[in-house]
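These notes are about the structure you will find just below.
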Amino acid sequence: MSFRVCSLQDLTPGEGLRIDSISPPIAIFMTEEGEIHALDDTCTHQDASLAAGWVEDCRVECPLHESTFSLRTGAVDQPPAKRGVRVHEVEVDGDDVLVELSQDAPNLPPGVTV
Amino acid sequence: MIIDHLEEPLPGSSLKPTPPGEAYTDPEIFAREQEHIFERQWNCVLRADSLSTAGQWKTATIGREEIILVRTRKSGIAAYFNVCRHRGMRVCTTGEGRNKTLQCGYHAWTYGLDGELVAAPNLTSMPDVDRQEYGLKSVHVREWLGYVWVCLAEDPPSFEDTVLGEVRTSFGEVESIDNYGIENLACGETKTYDVQANWKLIIENFMECYHCATIHPELTEVIPEFADGLASQRAGGQVHGASFGGEVEGFTVDGSSGVSELPAVAPDQERKYYAITVRPQVFINTVPDHVIIHRMFPISESRTTVVCDWLFLPEVVEQINAGTLDVSKSVELFHRVNQQDFNACELTQPSMSSTAYRGGGALVPSEHHIAEFHSWWYESIGMPTASSSEGPAAEAEAVAEHAAEDVVEDAGENSAEASSAVRSTP
Chain A
19 MSFRVCSLQD
29 LTPGEGLRID
39 SISPPIAIFM
49 TEEGEIHALD
59 DTCTHQDASL
69 AAGWVEDCRV
79 ECPLHESTFS
89 LRTGAVDQPP
99 AKRGVRVHEV
109 EVDGDDVLVE
119 LSQDAPNLPP
129 GVTV
Chain B
6 MIIDHLEEPL
16 PGSSLKPTPP
26 GEAYTDPEIF
36 AREQEHIFER
46 QWNCVLRADS
56 LSTAGQWKTA
66 TIGREEIILV
76 RTRKSGIAAY
86 FNVCRHRGMR
96 VCTTGEGRNK
106 TLQCGYHAWT
116 YGLDGELVAA
126 PNLTSMPDVD
136 RQEYGLKSVH
146 VREWLGYVWV
156 CLAEDPPSFE
166 DTVLGEVRTS
176 FGEVESIDNY
186 GIENLACGET
196 KTYDVQANWK
206 LIIENFMECY
216 HCATIHPELT
226 EVIPEFADGL
236 ASQRAGGQVH
246 GASFGGEVEG
256 FTVDGSSGVS
266 ELPAVAPDQE
276 RKYYAITVRP
286 QVFINTVPDH
296 VIIHRMFPIS
306 ESRTTVVCDW
316 LFLPEVVEQI
326 NAGTLDVSKS
336 VELFHRVNQQ
346 DFNACELTQP
356 SMSSTAYRGG
366 GALVPSEHHI
376 AEFHSWWYES
386 IGMPTASSSE
396 GPAAEAEAVA
406 EHAAEDVVED
416 AGENSAEASS
426 AVRSTP
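So the protein lines, in turn, are chains A and B. Note that this note's numbering has the first sequence beginning at 19, numbered continuously upward. Note that this note's numbering has the second sequence beginning at 6, numbered continuously upward.
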């Protein structure tokens with residue numbers, strides 16, 4: 019079941035928005051091309067917010083240690099992170115950004131629990 | 006017969022005193038200069054086009070501080086103290102690079118290009134940590150003439166008053182510095198000189214031309230009037246463009262023609278050389294077809310790095326880079342002047358600690374305007390001069406005794422004339 023997480027106006031092209039009212043927190047990204055994606059916000063290697071990462075070529079680079087995650091699939095490209103993050107379904111209704119959370123178990127780093 | 010060169014005899018002595026020798030050798034005085042001059046005033050650090058893309062950064066040492074200069078994604082060039090706000094490690098540990106963020110290599114505290122703390126291990130579980138408050142400590146930045154100028158002071162002096170206004174006033178309205186369009190020029194050549202001399206010797210050398218006929222044969226061929234010993238700056242700060250010799254075609258090492266003239270140069274500027282000092286560490290030299298800018302970075306009381314850029318029209322630099330235009334004769338002239346000047350400074354520096362120079366030296370009339378620089382220097386570092394004997398005397402160190410004696414004659418007439426830009430020649 020999808021629910022509203024933010025409005026389009028809250029998003030900046032090329033940047034991520036951390037939504038921490040959800041546990042574990044998710045990140046909403048708008049690419050420079052205007053695509054919107056939702057991922058788990060926490061890197062699977064160490065506790066860091068992917069919303070603060072660098073967005074380029076439909077991937078986000080963790081701000082701490084250079085692993086990048088696909089905004090489309092959540093797959094990781096290189097260590098130190100070894101596991102991908104979950105992706106969530108996004109729907110835009112007018113100005114509202116709606117998300118339907120993945121039912122998979124999240125891949126959280128050591129020391130982080132839901 | 007120096008006095009013969011002046012239109013009117015000077016009242017009083019022909020000679021004015023310089024600061025005592027230890028002003029050029031004492032590490033404590035150098036520390037005061039770093040604190041009170043280089044860490045408080047505007048410093049010209051690097052060319053803005055040397056940071057051409059977002060994320061590109063360089064480090065620089067200003068006074069006793071290391072700073073990072075970085076081009077941000079959306080708000081131009083920013084500067085920060087190169088100090089991690091977590092435990093203090095240097096954030097950038099090489100001279101230059103290009104990164105998406107500025108990350109400390111110790112605990113991975115990670116700063117955005119605009120300085121804020123964007124990530125750190127476990128930062129999400131420390132929501133009370135303010136991302137701005139624990140961002141990199143920023144440094145004031147201005148861009149002018151194509152260069153990045155920084156001021157480390159929390160409350161910097163007005164850039165408009167201390168740099169822009171003084172330079173524009175110094176050049177005047179007709180022979181305006183704006184005519185050279187320096188901000189639109191490109192760098193055709195850069196040379197870095199490691200000079201084993203105190204920075205003040207380099208400024209003093211640049212401000213006067215009494216030495217020109219002796220140590221600058223090529224320059225004096227191009228500008229024969231320099232043989233009279235008078236610099237661009239005359240008594241009272243009068244403007245004077247120094248004229249090329251009659252047979253001279255351009256500002257080159259052999260007087261041959263230069264390259265394309267800068268388009269907006271006024272008729273009065275077409276065959277003239279102008280030079281100013283922008284205190285504390287910049288020299289600007291203009292000729293019809295190029296501009297030469299020196300930046301000084303004092304390393305110690307007896308060592309100074311000088312970076313010299315030769316700026317030409319962008320189309321000229323494109324031809325230089327393509328190998329279709331040779332500007333080596335233009336560059337060589339001032340490169341030789343630099344070498345000749347810095348050699349003189351290096352041969353002067355060792356004498357600054359001699360007992361024979363303990364009380365300082367002398368300024369002849371064509372050098373008297375250097376006393377304005379000395380007054381500014383005494384005032385800047387809080388040393389008392391004769392006219393301010395009620396100043397911070399408690400801070401006065403041994404040198405003050407000499408200083409007070411030495412400037413007794415000219416402090417009165419010069420102390421109010423301190424300004425950041427003065428006309429000068431090499």
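Ideal placement from N, C-alpha and C gives every residue a C-beta, glycine not left out. These figures come from a predicted structure and were not determined experimentally.
Please state whether DSSP places residue i in a helix, a strand or coil.
i: H4/B; result: As shown, chain B starts at 6 and ends at 431. That puts residue 4/B outside it, with no answer to give.
i: W382/B; result: helix
i: L368/B; result: strand
i: N48/B; result: strand
i: V404/B; result: With a pLDDT of 45 at V404/B, under the threshold of 50, the predicted position of this residue should be treated as unreliable, and no value is reported.
i: C217/B; result: helix
i: P22/B; result: strand
i: N203/B; result: coil
i: M48/A; result: strand
i: E377/B; result: helix
i: R101/A; result: coil
i: S237/B; result: coil
i: E33/A; result: strand
i: S25/A; result: strand
i: H55/A; result: strand
i: L68/A; result: helix
i: E118/A; result: strand
i: F43/B; result: helix
i: Y360/B; result: First, the residue type needs correcting, since residue 360/B is Thr and not Tyr in the sequence shown. Three-state result, T360/B: helix.
Checking 8 Å against the spacing of the C-beta atoms, do residue i and residue j come in under that value?
i: R284/B; j: W381/B; result: yes
i: R95/B; j: N87/B; result: yes
i: S85/A; j: V105/A; result: no
i: E27/B; j: E44/B; result: no
i: L89/A; j: V78/A; result: yes
i: S143/B; j: G120/B; result: yes
i: N184/B; j: V270/B; result: yes
i: L206/B; j: C109/B; result: no
i: V168/B; j: I182/B; result: no
i: N343/B; j: C313/B; result: yes
i: S265/B; j: V200/B; result: no
i: S237/B; j: Y279/B; result: yes
i: H295/B; j: G263/B; result: yes
i: L68/A; j: D75/A; result: no
i: G193/B; j: I325/B; result: yes
i: G68/B; j: L122/B; result: no
i: R363/B; j: P25/B; result: yes
Please determine, among the options, the residue with the shortest C-alpha to C-alpha distance to residue i.
i: C49/B; options: R95/B, R37/B, W149/B, H340/B; result: W149/B
i: G140/B; options: A124/B, M131/B, S265/B; result: A124/B
i: I297/B; options: T197/B, Y362/B, D160/B, P272/B; result: T197/B
i: V153/B; options: E101/B, L74/B, F231/B, P268/B; result: L74/B
i: E109/A; options: G34/A, I46/A, L35/A, S39/A; result: I46/A
i: A59/B; options: C217/B, I82/B, P303/B; result: I82/B
i: Y29/B; options: Q354/B, A113/B, D133/B; result: Q354/B
i: L267/B; options: G260/B, S261/B, K277/B; result: K277/B
i: V134/B; options: E159/B, G102/B, R90/B; result: R90/B
i: T225/B; options: T195/B, T257/B, D199/B; result: T257/B
i: R52/B; options: E323/B, G151/B, P22/B, L20/B; result: G151/B
i: I44/A; options: P124/A, G112/A, V73/A; result: P124/A
i: A99/A; options: H55/A, P81/A, E118/A; result: P81/A
i: G234/B; options: F35/B, G251/B, F211/B; result: F211/B
i: L338/B; options: F302/B, I220/B, T129/B, T174/B; result: I220/B
i: C61/A; options: R36/A, T49/A, E50/A, G52/A; result: R36/A
i: M131/B; options: C24/A, D65/A, Q96/A, P127/A; result: D65/A
i: H63/A; options: D111/A, P97/A, V23/A; result: P97/A
Tell me, which residues are paired with residue i by DSSP?
i: K196/B; result: C313/B
i: I82/B; result: R76/B
i: I67/B; result: E70/B
i: W154/B; result: C49/B, R147/B
i: G102/B; result: W62/B
i: F87/A; result: V78/A, V94/A
Buried or exposed for residue i, please, with buried defined as at least 16 other CB atoms from any protein chain shown within 10 angstroms of its CB.
i: E33/A; result: buried
i: K63/B; result: buried
i: R428/B; result: Note on R428/B: pLDDT 42, under 50, position unreliable in the model; no value is reported.
i: M19/A; result: exposed
i: Y111/B; result: exposed
i: A65/B; result: buried
i: H132/A; result: The sequence shown places Val at residue 132/A, rather than the His named in the question. By the neighbour-count rule (16 or more Cβ atoms within 10 Å), V132/A is not buried but exposed.
i: F87/A; result: buried
i: F21/A; result: exposed
Report yes or no: is there a C-beta of chain C within less than 8 Å of the C-beta of residue i?
i: L82/A; result: Here chain C cannot be found, since the structure's protein chains are A and B.
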